[in-house]
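What follows is a set of notes on a single structure, which appears directly below.
Numbering (the numbering used here), first residue to last: 9 to 418.
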């Protein structure tokens with residue numbers, strides 16, 4: 009990219025913006041007398057351009073005697089699976105079996121419910137992974153409620169045996185937790201989720217697995233008993249069997265305790281700063297500390313200083329501070345920083361790394377889920393002058409996509 013001219017980059021941006029997108033995939037299942045009378049798949053261009061996406065599917069059909077995998081070649085707008093005619097009525101049909109399918113997969117309510125209930129017992133980890141990806145898309149498309157998705161994830165986590173899938177499930181659970189649940193629903197579920205994660209931490213057999221479970225617990229903890237236990241872990245009053253905490257672990261824990269504004273949070277930050285030996289890590293922590301302050305005026309001074317490009321020179325430091333400034337627990341107070349953050353975006357593109365604008369937007373918008381913030385983003389885009397870079401419009405929409413979806417997800 010460093011050899012490309014602005015015209016080259018603008019042409020690349022147009023190709024990216026005008027990409028075809030993905031089809032909507034719909035299953036047509038007709039069951040009569042307890043048997044499949046018809047199984048077909050249809051695709052449609054959601055933008056109404058009449059485009060088709062030829063592709064190979066590996067369709068998983070859940071039958072009474074087990075899951076049967078069917079290869080399907082989709083070359084047109086629809087395809088009939090004639091070999092399935094006469095099979096027993098399936099509990100669910102998954103077009104993304106073995107991870108083969110491209111598109112937004114539309115599922116009927118009964119099939120979604122059956123798949124959510126049976127997911128933990130599916131023996132093939134690849135099929136389980138493909139199903140979770142499809143169901144996550146269903147959450148994003150508001151076909152599955154956040155409460156139902158979280159319930160399924162919490163039921164599956166203790167039973168999952170594949171380490172990669174366990175990590176993905178924890179990620180989906182955390183994403184649902186902060187992005188899609190209302191605060192009251194979050195607090196109602198907090199004791200159960202925290203207990204589940206602590207059980208996973210105790211059950212994990214290696215230090216690496218324990219670190220992953222502990223990291224998830226550290227990031228979602230809300231109830232006073234769990235937050236106090238985390239404070240005791242940070243203070244080295246409590247040890248976790250099989251998990252020696254590194255300096256980075258304690259640093260991350262101190263930041264999470266501070267954003268929750270525990271009693272004595274300034275002392276926690278000051279003590280953690282004193283613990284850090286490496287000069288660069290110490291400077292980074294000192295840079296981020298004001299963004300964690302419980303004093304809104306301190307946080308605002310830290311943010312306003314970022315208007316000067318010289319104060320954005322350490323981009324990873326800035327991004328870490330922004331992520332805590334806009335933490336989901338602080339979004340009511342940080343909504344006022346959205347408009348200036350968007351206004352600075354063009355200057356950020358001119359003065360920073362090529363990837364910095366997108367990361368700036370992710371850190372700024374990632375914790376928000378309010379209609380007011382969505383309106384700010386839309387008003388900002390509607391008011392841009394004619395010469396405003398199209399790439400910045402597009403990355404703004406990308407970063408705002410999940411916050412926009414979260415508004416109506418409940």
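Note that the Cβ used here is the ideal one computed from N, Cα and C, for glycine as well.
Within the model, the alpha-carbon separation for residue 229 versus residue 334 is close to 17 Å. By the beta-carbon neighbour count (other beta carbons within 10 angstroms, threshold 16), residue 403 is buried. Remark: C-beta atoms of residue 31 and residue 146 do not approach each other more closely than 8 Å. Collapsing the DSSP output to three states places residue 246 in coil.
Using a 10 angstroms sphere on the CB of residue 166, the tally of other CB atoms stays under 16, which defines it as exposed. By the CB criterion at 8 Å, residue 177 and residue 168 fall inside the cutoff. Note that the C-beta distance between residue 114 and residue 33 is below 8 Å. Contiguous beta strand (DSSP E) elements confined to the stretch 380-406 do not occur, taking only those with 3 or more residues. In this chain, the beta strand (DSSP E) harbouring residue 44 covers 43-52.
In this structure, the beta-carbon distance from residue 129 to residue 99 does not fall below 8 Å.
In the DSSP assignment, no residue is bridged to residue 294. Contact check for residue 234 and residue 202: beta-carbon distance about 5 Å, within the 8 Å limit, so the pair qualifies. Under the three-state reduction of DSSP, residue 232 is assigned to helix. DSSP places residue 169 in the coil class of the three-state scheme, outside both helix and strand. The Cβ atoms of residue 260 and residue 277 do not sit closer than 8 Å to each other. Comparing alpha carbon positions, the residue from 190, 73, 179 closest to residue 415 is 190. Residue 104 is bridged by DSSP to 66. The three-state reading of DSSP puts residue 86 in strand, counting E and B together.
For residue 116, there is no enclosing beta strand (DSSP E), as DSSP marks it with neither H nor E. With a cutoff of 8 Å on beta-carbon distance, residue 281 and residue 294 are scored as near each other. Judged by their CB atoms, residue 148 and residue 413 are nearer to each other than the 8 Å cut-off. Residue range 273-283 is occupied by the alpha helix (DSSP H) that includes residue 278.
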